[in-house]
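For reference, the structure is listed below as structure tokens.
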Amino acid sequence: MGFDLQQTIRGRVWKFGDSIETDAINPYYLYPTMAELKLHTMEIYRPEFPREVKPGDIMIAGRNFGCGSSRPGLVLREVGIAAIIAESVARLFLRNSISRAIPIFVVPGVTDLAQDGEMLEVDYPKSVIVNTATGATLPLAKYPPAIEQIFECGGLLQFAYERYIREAALVGRAGLENGRGHEKVI
Amino acid sequence: MAQTMAEKLLTRHNITGKAVRAGDFLEAKIDGAMCHYHASEPMHDLAIEAGFKDGLPRVWDRDKVYVLLDHHQPTLSQKLADENALVRRVVERLGIRCFHDSEPGIAHQMMLDYGLVRPGELVVGNDSHTLGYGSVNAGATGITRADMLYVLLYGELWFQVPESVRVVLDGSQPGYPIAKDIILYLAGQHGDDFAQGMSIEYSGTLVPQLSIDSRACLSTHGVEVGAKFAMFDEDDTTRSFIKARTNLPYEPLAADAGAHYVKEIHLNVERMPFVVAKPHQFGNVVPVDEARGVRINQAQIGSCANGRYEDIEIAARMLRKHRVAKGVRFLISPASQQVYLQCLKAGLIEILIEAGAQVITPGCGICQPRVGFLSDGEVCITSTTRNFKGRKGSTNAEIYLGGPLTVTAAAVAGEIVNPREVFSGL
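Here the protein sequences come in this chain order: A and B. FYI, the numbering for the first sequence is 1 to 186, going by this note's numbering. FYI, the numbering for the second sequence is 1 to 426, going by this note's numbering.
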């Protein structure tokens, strides 16, 4: 499923430190299935997280969020994280999140804006995030239009498919569903 | 406008042909796609998720896609064997010509071994350590699996042109490899994200003295400090390395005089101590003397960062007159079959085995919890890429990172130690 950048996100904050790494977010070496991952994501940093996280919660973190191997944070979406906001994000985690239309925002100063358990509101259309208890705000940078378009499509996979359909229609080809003349696999 | 290497690279590859500068977004033409087919979510499944109900319908260029089954060769489970079998069918159906299937090794090293990446190219790979090809003046970087699906279909991908940082390395190369110490030291001094999203350009008087092996370590580890690219200029060392492997033409990259760098970092390696990264982060770096006396259970040399000839040669050279300490498991995994063969022909493997080391199959396993797991309370020192908690199995084990010389010294002493205390003549 994609994510609508135009909707406002309001949720309870889980706060993490610097250089949160992808082996901890997605410890698939130890837990290969999504069902298992959901029980163990982030437990290295906060053992209670997998038990107590609720759908709609927001994760905030320090610098270099998602460093390490290239692994999408799908498990965070699966446990209900509605948005990730960090001081800075490792480039592959950022690319992974955009590719899978997971709402992620780089907001310098965010770790001072809210404490663990407080409520944050992310208003992308108005380019602002708000601590609803204190009223404190920070500006939220917009993505360039090309990236917004990937979010609107529901991610890069869908974006790629839509381009394929569009280009095939342009050359007047029908029935392009899959490599015509090729044998099916599995 | 004077351009950095990254600006020049992405200007050359911009599909609109327009000059770009740091901060610009563009759609870039891709010269090569290294695809090691991730076992947990093969490209095939992603294609189905995208909407292609029978899988990927095509690849944009059958000669520019390189598929290497590195992480899972030989397979260690039935599940992986079945996934590899699926990859074989997909590769055949799509007509991909470069497929390294029945050969263990790390994809990144095989890309270099077989001349599949050349100076000036824009090469992407679905693995974070793809940056390593910057050692031969290529603009290479890791991309996500969804990005790879897009590349395989169109040979294009979106990029933001990175800012650039110059890392100036001065001094003389000692008689042993120090690339790992350099990058660890830089991460310790400047933070494990000092190049976040940026392009690193290595320069300075040390660079012409660095082997391709050392450069590959420094470029590969670009990702451990957040970089998008980590590149070296093309020089005589590059030219002779490439010439021995491919005769396809290429156009090298060089920055213009007056190009803009957001920062410049200087290091004179003659004033740098041997260092280790303590658990559990790459930037948690101290001089080796500050970790002295930590008892170890396992020592390792391998990976896309430090599993190359010079890394194994220094271990063998030191083990000619020493033995691995009793109770220490010293695992050495050459980065590829070609590296393994080179070590074998040079007589290194015999020395290593006689000294009590274990030589294991080339591949990524040594850097992951796939080969050589650690148990609760155990300590490992390794020249591989990462020391995250649980990276070698137990989350109650401790992993230190160090250069191959420091790892070998610890293997001999049974504890972390300054190599100068163990080996004479350094």
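Positions of the beta carbon are idealized from the N, C-alpha and C atoms, including for glycine. These numbers come from a predicted model, not from an experiment.
Looking at the structure shown, is residue i part of a helix, part of a strand, or coil, going by DSSP?
i      : result
E427/B : In the structure displayed, chain B extends from 1 to 426; residue 427/B sits before or after that span and is not available.
F229/B : strand
R100/A : coil
I48/B  : helix
V371/B : coil
Y66/B  : strand
T435/B : Nothing in the structure corresponds to residue 435/B, since chain B is present only between 1 and 426.
I242/B : helix
R420/B : helix
G172/A : coil
I265/B : strand
Y31/A  : coil
T382/B : strand
T141/B : strand
A255/B : coil
K18/B  : coil
D23/A  : helix
A39/B  : At A39/B the pLDDT is 46, less than 50, meaning the model places this residue with poor confidence; the figure from the coordinates comes in the next sentence. DSSP places A39/B in coil when its eight states are reduced to three.
M148/B : helix
M5/B   : helix
V168/B : strand
H129/B : helix
L26/B  : strand
E36/A  : helix
M111/B : helix
Y164/A : helix
H260/B : coil
Q158/A : helix
Should residue i go down as buried or exposed, given a rule of 16 or more other Cβ atoms within 10 Å for buried?
i      : result
R166/B : buried
D101/B : exposed
E163/B : buried
N396/B : exposed
G175/B : exposed
T8/A   : exposed
S69/A  : buried
D31/B  : buried
A141/A : exposed
M212/B : It should be noted that the sequence gives Ile, not Met, for residue 212/B. Per the 10 Å Cβ criterion, buried.
S97/A  : buried
L468/B : Outside the shown range of chain B (1 to 426) lies residue 468/B, about which nothing can therefore be said.
A39/B  : Confidence in A39/B is poor, its pLDDT being 46 and thus under 50, which makes the residue's placement unreliable; the coordinate value appears in the next sentence. Buried, because 16 or more other Cβ atoms sit within 10 Å of the Cβ of A39/B.
Q434/B : Since the first residue shown for chain B is 1 and the last is 426, residue 434/B is missing from the structure and cannot be characterised.
E83/B  : buried
M148/B : buried
Q6/A   : exposed
P55/A  : exposed
Can you list, in chain order, the residues of its chain whose CB lies under 6 Å from that of residue i, leaving out five sequence neighbours each side?
i      : result
P108/A : E87
Q3/B   : D256 and A259
Under 7 Å Cβ to Cβ from residue i, same chain only, skipping five residues before and after it: list those, please.
i      : result
L348/B : I312, E313 and A316
I351/B : A316, L319 and R320
V59/B  : V65, L94, I96 and L152
L74/A  : R100
P419/B : F274, L405, T406, A409 and L426
A90/A  : N64, F65, G66 and C67
Q196/B : G226
Please return the same chain residues whose Cβ sits closer than 8 Å to the Cβ of residue i, not counting the five positions on each side in sequence.
i      : result
Q149/A : F159
K162/A : The residue you asked about is not Lys; residue 162/A is Glu in the sequence shown. For E162/A, where only same-chain residues beyond five positions count, the Cβ hits under 8 Å are C153.
G327/B : N297 and G414
P50/A  : K38, L39, H40, T41, M42, E43 and V79
Item to check | Contained beta strand (DSSP E) runs [length at least 3] in the stretch 273 to 338 of chain B, N- to C-terminal order | outcome: 275 to 277, 285 to 287, 298 to 301 and 329 to 332
Checklist entry - When you check each C-beta in the stretch 118 to 130 of chain B against every C-beta of chain A, which residues fall closer than 8 Å? => result N126, D127 and S128
Next on the checklist: Threshold first: 3 residues or longer. Then list the beta strand (DSSP E) segments lying entirely within the stretch 66 to 152 of chain A, N to C.
Outcome noted: 83 to 86, 104 to 106, 119 to 123, 128 to 131 and 137 to 139
Checklist entry - Using a beta-carbon distance cut-off of less than 8 Å, what residues from the stretch 127 to 159 of chain B approach chain A? => result Answer in chain order: D127, S128, G142, I143, T144, R145, A146, D147, L149, Y150, L153, Y154 and W158.
Checklist entry - When you check each C-beta in the stretch 43 to 55 of chain B against every C-beta of chain A, which residues fall closer than 9 Å? => result H44, L46, A47, E49, A50, G51, F52, K53, D54 and G55
Item to check | Near-chain A residues of the stretch 385 to 398 of chain B (beta-carbon distance less than 7 Å), N- to C-terminal order | outcome: Residues R386, F388, K389, G390, R391 and T395.
Item to check | Near-chain B residues of the stretch 16 to 32 of chain A (beta-carbon distance less than 8 Å), N- to C-terminal order | outcome: S19, E21, D23, A24, P27, Y28, Y29, L30 and P32
Checklist entry - In chain order, what residues of the stretch 293 to 309 of chain B put their CB closer than 8 Å to some CB of chain A? => result Taking 8 Å as the Cβ-Cβ cut-off, the stretch 293 to 309 of chain B has no residue approaching chain A.
Next on the checklist: At a CB distance below 9 Å, what residues from the stretch 215 to 231 of chain B approach chain A? Give them in sequence order.
Outcome noted: V223, E224, G226, A227 and K228
Checklist entry - Any residues in the stretch 358 to 379 of chain B with a beta carbon nearer than 9 Å to a beta carbon of chain A? Which ones, in chain order? => result Q368, P369 and R370
Next on the checklist: By the 9 Å beta-carbon criterion, what residues does the stretch 268 to 287 of chain B contribute toward chain A?
Outcome noted: H280, Q281, F282 and G283
Next on the checklist: Please list, in chain order, the residues of the stretch 78 to 105 of chain A that have any C-beta partner in chain B closer than 7 Å.
Outcome noted: Answer set for the stretch 78 to 105 of chain A: S88, A90, R91, L92, R95, N96, S99 and R100.
Item to check | Selection of the stretch 19 to 34 of chain B by Cβ proximity to chain A, strictly under 7 Å | outcome: Among the residues of the stretch 19 to 34 of chain B, those with a Cβ less than 7 Å away from any Cβ of chain A are F25, in the order of the chain.
Checklist entry - What residues from the stretch 130 to 161 of chain A come within 7 Å of chain B, judged by C-beta to C-beta, listed N to C? => result P144, A146, G155, L156, L157, Q158, A160 and Y161
Checklist entry - In the stretch 173 to 201 of chain B, which residues sit with their C-beta less than 7 Å from some C-beta in chain A, listed in chain order? => result D192, D193, Q196 and G197
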